[in-house]
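**Q**
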Ligand SMILES: [Zn+2]
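In the numbering used here, the protein residues as written are 18 to 200.
1. In terms of DSSP beta bridges, what is residue 133 paired with?
2. Counting C-beta neighbours from all protein chains within 10 Å, is the total for residue 168 16 or more, i.e. buried, or is it exposed?
3. Is residue 93 near ligand 1 - that is, is its Cβ less than 7 Å away from at least one heavy atom of it?
4. Can you tell me where the alpha helix (DSSP H) with residue 50 in it begins and where it stops?
5. The beta strand (DSSP E) with residue 151 in it runs from where to where?
6. Smallest Cα separation from residue 129: which of 144, 147 and 192?
7. Taking Cβ to Cβ, would you say residue 33 is nearer than 8 Å to residue 183?
8. Out of curiosity, what's the CA-to-CA distance linking residue 135 and residue 196?
9. By the three-class DSSP mapping on this structure, what secondary structure does residue 83 have?
10. For a test of your reading of the model: does the CB of residue 40 fall under 7 Å from any non-hydrogen atom of ligand 1? Yes or no.
11. Is the beta carbon of residue 53 closer than 8 Å to that of residue 160?
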């Protein structure tokens with residue numbers, strides 16, 4: 018077994034399960050972006066705080082440029098007042114996972130492609146995590162997760178988000194390569 022990010026065997030033989038991937042302790046704690054960059058991804062993680070009146074909000078934006086063009090546009094937001102729209106899109110996508118019932122998708126691309134991408138466990142994991150407080154978008158080769166919170170996330174929580182989104186990036190590229198291979 019090898020870590021999904023550094024490709025090495027874990028020193029102590031244990032792995033964390035993140036975004037349906039096996040991740041070594043070194044990558045889990047010290048970050049994975051340098052491993053992504055070695056493989057042709059561009060990756061950024063930005064955190065900032067802004068104040069509007071009495072309300073302070075912490076933002077985090079994780080941006081990953083994939084080394085492939087998926088041709089897909091997908092935007093996932095947690096459902097709030099979009100109830101009817103969700104029904105509409107769900108009927109179109111037929112993802113069929115009850116966990117996804119609360120989410121809204123605005124997707125462009127072949128609906129069969131979008132459905133198989135959304136059925137991917139690692140992609141779902143990232144969307145569900147991001148969806149609680151933000152948005153998850155894939156625009157061809159650009160993957161972006163945006164969080165906003167009035168409470169603020171701890172450094173550990175923010176690092177966990179980075180790992181989930183980075184994991185989703187690996188899954189999307191693998192999914193794309195399999196699709197190309199079978200075409
Ligand atoms: Zn590793």
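Every residue gets a Cβ at the ideal spot worked out from N, C-alpha and C, and that includes glycine.
**A** The relevant details are as follows:
1. DSSP output for residue 133 lists no bridge partner at all.
2. exposed
3. no
4. 50-55
5. 151-156
6. 192
7. no
8. 14 Å
9. coil
10. yes
11. no
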